[in-house]
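In terms of this note's numbering, the sequence shown opens at residue 27 and continues consecutively.
Report on one structure; see the data block that follows.
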Amino acid sequence: MSPFSLFLHNLRIRHGMRQSELAEAVGYEPSYISALELGIKGPPTDEFLERLIQTLSMSLPEQETLREMALASQRKLILDADAPTDLYWLLNDLRTALNYLHPVQVKLIREVIDLPHSLLKDRATAPVRIKRKRKEEVSM
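Below is the structure:
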């Protein structure tokens with residue numbers, strides 16, 4: 027289940043609405059709402075998101091989460107035409123292995139992708155070393 031599908035389902039339940047009620051409220055077919063919740067349809071258009079936000083009077087944090095979930099649920103990836111050949115091979119390898127990856131492999135791949143961000147965060151939170159003053163030698 028995509029992040030958006032799960033979020034939409036939980037959002038609808040929190041508002042105590044059936045799929046048909048939500049569909050009528052936002053002006054879409056119940057089958058479309060069902061397909062979104064099942065993950066059969068890809069993430070919705072911005073128009074659908076705006077109607078959903080207005081219909082449910084969503085708070086700003088809810089709106090941000092909704093948009094984040096829709097973005098995370100994209101199923102297509104498009105490379106720039108001038109992308110390096112290695113990226114094409116990486117995507118080919120990933121496409122071939124994607125359905126067979128173990129959860130640990132997925133976690134490792136995500137950690138590798140996040141590595142630059144993690145390194146910057148670690149650098150920002152690294153403890154600052156305080157230098158001690160040397161004791162002056164006492165002559166006798």
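All C-beta atoms, glycine included, are put in the ideal place defined by N, C-alpha and C.
Nothing here was measured: the structure is a model prediction, and the numbers come from that model.
- Assignment of lysine 102 by DSSP, reduced to helix, strand and coil, places it in the coil class.
- Here glutamate 63 is buried, its C-beta having at least 16 other C-beta atoms within 10 Å.
- If the five residues before and after arginine 38 are omitted, its C-beta is found closer than 6 Å to the C-beta atoms of Leu48, all from its own chain and listed in chain order.
- Separation of the CB atoms of leucine 113 and leucine 105 is rounded to 6 Å, and the pair is thereby assigned contact status at 8 Å.
- Judged by DSSP in its simplified three-state form, proline 70 adopts coil rather than helix or strand.
- Its chain contains Gly68 and Pro69 as the residues whose beta carbon lies nearer than 8 Å to that of glutamine 100, once the 5 sequence neighbours on both sides are disregarded; these appear in chain order.
- Taking alanine 51 as the centre and dropping the five residues before and after it, the same chain places the C-beta of Thr81 closer than 6 Å to its C-beta, in chain order.
- Rounded to whole angstroms, the Cβ separation of leucine 92 and leucine 75 is 6 Å, and the two are in contact under 8 Å.
- About 19 Å separates the beta carbons of glutamine 45 and proline 29, which is beyond the 8 Å limit, so they are not a contact pair.
- Methionine 95 is classed as buried because its beta carbon has at least 16 other beta carbons within 10 Å across all chains shown.
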